[in-house]
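Following: one structure in structure tokens, then a few remarks.
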Amino acid sequence: MTIRLGLIAASRIAKGAIIDPLPDVDGVELVAVAARDHARARAAADEWGAGLAFGCYEELLASDEVDAVYIGTPASLHREWAIAAIDAGKHVLCEKPLAANADDARAIAAAAERGDVVVMEAFHWRYHPFIDRIRTVIDGGELGRIDRIDAAFDIPDGRIGRDDIRWDLALGGGATMDLGCYSIQFVRWAAGADPEVVSAEAVCPVDEIDGSLTAELRWPSGITGSIQSSMIAAGDQVEAWLRVIGEQGRLIVTNPLAPQHGATLVVDTGDRIRYEIADSSTTYFHQLVAFRDAIVDGTSFPTTTADGVRNMEIIDACYRAAGLQPRPTA
1 MTIRLGLIAA
11 SRIAKGAIID
21 PLPDVDGVEL
31 VAVAARDHAR
41 ARAAADEWGA
51 GLAFGCYEEL
61 LASDEVDAVY
71 IGTPASLHRE
81 WAIAAIDAGK
91 HVLCEKPLAA
101 NADDARAIAA
111 AAERGDVVVM
121 EAFHWRYHPF
131 IDRIRTVIDG
141 GELGRIDRID
151 AAFDIPDGRI
161 GRDDIRWDLA
171 LGGGATMDLG
181 CYSIQFVRWA
191 AGADPEVVSA
201 EAVCPVDEID
211 GSLTAELRWP
221 SGITGSIQSS
231 MIAAGDQVEA
241 WLRVIGEQGR
251 LIVTNPLAPQ
261 HGATLVVDTG
271 DRIRYEIADS
281 STTYFHQLVA
291 FRDAIVDGTS
301 FPTTTADGVR
311 NMEIIDACYR
321 AAGLQPRPTA
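Residue numbers (UniProt numbering): 1 to 330.
Written out as structure tokens, the structure reads:
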């Protein structure tokens, strides 16, 4: 079986998420691109080797030549087009975060529940084998009882221009939406449970748009922690990391987001320090393989709509704790 894939939006992110890994993934073929402008769709389809180009998303969803879609629109549009795709009988790989807010995410999850299709949130990092190695260390007991978990994803100020959609409230902008969604997933995954947001503080260079946000967290088990994300960070390096502190040791992971670009796992148990390095296979490759296998074989996967709802609930809670409102529905 070959899955015939269509792109909802000829977006920049589609190249890294779909186009680049596609040649290495058997059983998935790009057949269509849809954009708001037909000329743009045609240009992208020609560049990326798709035979069909559509000047609106509805036409792609109505096509019998498409089995599955990747939704690469701004987050504020995810609810509309994910539900439309589900209702059209298309499998869905939806870019993160799942929606603009938790209510929208719940609507997508409800549609997924009633639809007979795969709906996967595109948190690509969860699919890299390096992440399984980190899980083994956390679950193996060498750190002892876990006391604290912290994570961050920061991009230097100026890297994301003020004309970027990530600075647009109506399109689901904000550091916590674009970057903090990863930090939140890092700590939720490490703890194996969802935290309560104790407090949060945001810096908003643009009205209602968090250029940066930090939040203090607490888990029912007593674990404490924090997340931070910034589009206005000092320095000149993009940084993503996860730190887990236990009573007998700690681990620090640099770049769990994209291990293929250089990630290290450092485990310090006091009497010894161990280093491990990730392999160069890409998170996007492993994600696309998982999407294919879920469709063809019914293989389970972690980034479900239910998980996406929980992540969005914490994003919304961070905004409220910082005195901001969750991102609006389009």
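The beta-carbon is built from N, C-alpha and C at its ideal position, and this holds for glycine as well.
Classification of residue i by the beta-carbon crowding that lies within 10 angstroms, buried from 16 upward
i, result
"S212", "buried"
"E313", "buried"
"Q248", "exposed"
"R36", "exposed"
"V206", "exposed"
"I108", "buried"
"R166", "buried"
"Q237", "exposed"
"P220", "exposed"
"D210", "buried"
"R79", "buried"
"D164", "exposed"
"D87", "exposed"
"I273", "exposed"
Inter-residue spacing [alpha-carbon to alpha-carbon] between residue i and residue j
i, j, result
"F123", "Y182", "8 Å"
"residue 403", "G158", "In the structure as shown, the chain begins at 1 and stops at 330. Residue 403 is therefore absent and cannot be evaluated."
"R162", "A75", "18 Å"
"V31", "D297", "21 Å"
"A258", "D139", "22 Å"
"V118", "D271", "46 Å"
"I131", "V197", "25 Å"
"H38", "V187", "41 Å"
"A105", "R42", "31 Å"
"R133", "D150", "18 Å"
"V28", "M231", "34 Å"
"K96", "D178", "8 Å"
"R148", "G222", "9 Å"
"K90", "D116", "9 Å"
"I18", "W125", "14 Å"
"N311", "A193", "11 Å"
"P195", "R243", "16 Å"
"T282", "P23", "13 Å"
"P328", "L98", "14 Å"
"V266", "Y275", "5 Å"
"T214", "D46", "43 Å"
"A82", "S280", "31 Å"
"H261", "N255", "8 Å"
"I315", "G323", "13 Å"
"Q185", "E239", "16 Å"
"C94", "V309", "13 Å"
"A234", "D67", "44 Å"
"I155", "A44", "28 Å"
"T303", "A9", "21 Å"
"R40", "A152", "36 Å"
"P21", "R12", "14 Å"
"V92", "E142", "39 Å"
"T299", "G72", "23 Å"
Cβ shell of residue i (< 7 Å), same chain only, five flanking positions each side left out
i, result
"Y319", "T176, Q325, P326"
"F301", "M120, A290, A294"
"L77", "A330"
"E65", "R4, V31, A32, L52"
"R145", "G246, E247"
"G172", "P74, A75, S76, A100, R327"
"R292", "I3, V25, G27, V28"
"A110", "none"
"E59", "A34"
Per DSSP, cross-strand counterpart(s) of residue i
i, result
"G6", "A32, V69"
"D268", "R250, I273"
"L54", "Checking the sequence, you will find Phe at residue 54 rather than Leu. Partner(s): A34."
Own chain partners of residue i with C-beta closer than 6 Å, once the 5 adjacent residues on each side are dropped
i, result
"L7", "A14, V33, Y70"
"A317", "V197"
"A278", "F130, P259, A263"
"Q228", "A152, T214"
Neighbourhood of residue i by C-beta, 8 Å cutoff - its chain only, sequence neighbours within 5 removed
i, result
"R218", "P195, E196, V198, T224, G225"
"A286", "Just to set this straight, residue 286 is His in the shown sequence, not Ala. Contacts found: H124, Y127, H128, P129."
"S63", "G6, A32, L52, F54"
Quick check on the DSSP output: what are the complete alpha helix (DSSP H) runs of length 4 or more inside the UniProt domain "GFO/IDH/MocA-like oxidoreductase" (133-251), in order along the chain? You should have 181-191.
Return the chain-ordered ranges of every beta strand (DSSP E) run that is complete within the region 90-133 and spans a minimum of 3 residues. Entirely contained in the region 90-133, the beta strand (DSSP E) runs reaching 3 residues are, in chain order, 91-95, 119-122.
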